[in-house]
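Trainee: All residue numbers for the sequence shown refer to the working numbering, where the first residue is 18 and numbers rise by one.
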Amino acid sequence: MILYSTGCPMCKVLEDQLKIKELTYTKVSDIEKIKEKGFQSVPVLECEEGTFIGSEAMKYVIAK
Numbered sequence: 018m019i020l021y022s023t024g025c026p027m028c029k030v031l032e033d034q035l036k037i038k039e040l041t042y043t044k045v046s047d048i049e050k051i052k053e054k055g056f057q058s059v060p061v062l063e064c065e066e067g068t069f070i071g072s073e074a075m076k077y078v079i080a081k
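1. How is the beta strand (DSSP E) around V45 delimited, first residue to last?
2. Could you compute how far the alpha carbon of K29 sits from the alpha carbon of L35?
3. DSSP three-state call for C64: helix, strand or coil?
4. Thinking just about the alpha-carbon of each residue, which of K81, T23, P26 and I48 is nearest to the one in C64?
5. As a quick exercise: from K76, S72, I79 and T68, pick the residue whose alpha carbon is nearest that of I134.
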């Protein structure tokens, strides 16, 4: 699982939820890498099940 984050408040809340759920993830904070992926907003969570942006990422993590 990859978390694309800039450290914004929503990103921090999502990262906290990942930690609470004890889900393993890699964090990418490099703006250029985020742009290269074509993401225009964060947080973005990429996993086997798909790519989830913003509140959809939060819903995915909460459901885990």
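All C-beta atoms, glycine included, are put in the ideal place defined by N, C-alpha and C.
Mentor: Walking through what the data contain:
1. It spans T43 to V45 - the beta strand (DSSP E) in which V45 sits, taken as one unbroken run.
2. So the alpha carbons of these two residues sit roughly 10 Å apart.
3. The answer is strand: DSSP assigns C64 an E or B state.
4. With distances taken between CA atoms, C64 lies nearest to K81 out of K81, T23, P26 and I48.
5. Here the chain comprises residues numbered 18 to 81, so residue 134 is not present and cannot be evaluated.
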